[in-house]
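Chemist: There's a structure below that I have some questions on.
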Amino acid sequence: DIWVCGGPDCSDQYDQYGIGFMQYYAQDTIFSTHSRSKQKENPELFLNFSDGLDMQSMDTDPANFFQYHMIGNLGFIGYTGASSFEEVESYFEEACNYMADQAPSFIFLLGHWNGHNRGCQTGMSV
Numbered sequence: 049d050i051w052v053c054g055g056p057d058c059s060d061q062y063d064q065y066g067i068g069f070m071q072y073y074a075q076d077t078i079f080s081t082h083s084r085s086k087q088k089e090n091p092e093l094f095l096n097f098s099d100g101l102d103m104q105s106m107d108t109d110p111a112n113f114f115q116y117h118m119i120g121n122l123g124f125i126g127y128t129g130a131s132s133f134e135e136v137e138s139y140f141e142e143a144c145n146y147m148a149d150q151a152p153s154f155i156f157l158l159g160h161w162n163g164h165n166r167g168c169q170t171g172m173s174v
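Start counting the sequence shown at 49; every next residue gets the next number (the working numbering).
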């Protein structure tokens with residue numbers, strides 16, 4: 049989890065804020081798909097490790113966790129609810145435009161939280 053104990057209210061020095069999410073490494077997250085054009089110094093980086101860590105919030109770049117793709121006729125959009133909608137709104141627009149162009153039979157919305165609790169921002173539950 050982003051917070052070892054499950055939420056920002058009990059953050060401590062053991063939290064890794066998603067940087068250790070190995071399951072994201074094999075996915076084309078927004079940061080990895082945009083990094084070639086936006087990063088002049090290190091275009092081969094697939095995640096943004098530069099953000100500082102605040103022990104009471106999710107300061108890791110939400111572009112590290114937002115991804116969308118198709119498998120056959122199925123669309124998938126995945127995101128973290130630890131970010132505000134304003135932080136990822138442009139990513140949702142990009143993903144929705146992609147899905148409109150691809151015309152999948154179904155779209156699955158993938159997330160972590162099913163309610164506004166334990167670190168999920170208002171309006172970001174799945």
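Quick reminder that beta carbons are idealized off the backbone N, C-alpha and C, glycines included.
If distances are taken between C-alpha atoms only, which option among Gly167, Pro152, Ala143, Phe140 comes closest to Ala130?
Modeler: Selected option, being the one with the closest Cα: Gly167.
Chemist: According to DSSP, simplified to helix, strand and coil, what is Gln64?
Modeler: Looking at Gln64 - three-state DSSP - the assignment turns out to be coil, as it is neither helix nor strand.
Chemist: Please go through the same chain and pick out, in chain order, the residues whose beta-carbon is closer than 8 Å to the beta-carbon of Tyr154, but skip the five residues on each side of it.
Modeler: Note that residue 154 is Phe in the sequence shown, not Tyr. Here the set comprises Asn121, Leu122, Gly123.
Chemist: For Asp63, which residues from the same chain have a beta carbon less than 6 Å from its beta carbon, with the 5 sequence-adjacent residues on both sides left out?
Modeler: Excluding positions up to five away in sequence, the list reads Trp51, Val52.
Chemist: Tell me the DSSP secondary structure of Gly171 in three-state form.
Modeler: Reduced to three states, the DSSP call for Gly171 is coil.
Chemist: With DSSP as the reference, label Thr108 as helix, strand or coil.
Modeler: The answer is coil: DSSP assigns Thr108 none of H, G, I, E or B.
Chemist: Does the beta-carbon of Phe113 have 16 or more other beta-carbons within 10 angstroms, so that it is buried, or is it exposed?
Modeler: By the neighbour-count rule (16 or more Cβ atoms within 10 Å), Phe113 is buried.
Chemist: Would DSSP call Thr77 helix, strand or coil?
Modeler: Looking at Thr77 - three-state DSSP - the assignment turns out to be strand.
Chemist: Residues in the same chain with beta-carbon distance under 8 Å from Pro152, minus the five sequence neighbours each way, listed in chain order, please.
Modeler: Cβ neighbours of Pro152 beyond the five flanking positions: Met118, Asn121, Leu122, Gly123.
Chemist: With a 10 Å radius around its C-beta and 16 neighbouring C-beta atoms as the bar for buried, classify Gln179 as buried or exposed.
Modeler: Nothing can be reported for residue 179, as the shown portion of the chain is limited to 49 through 174.
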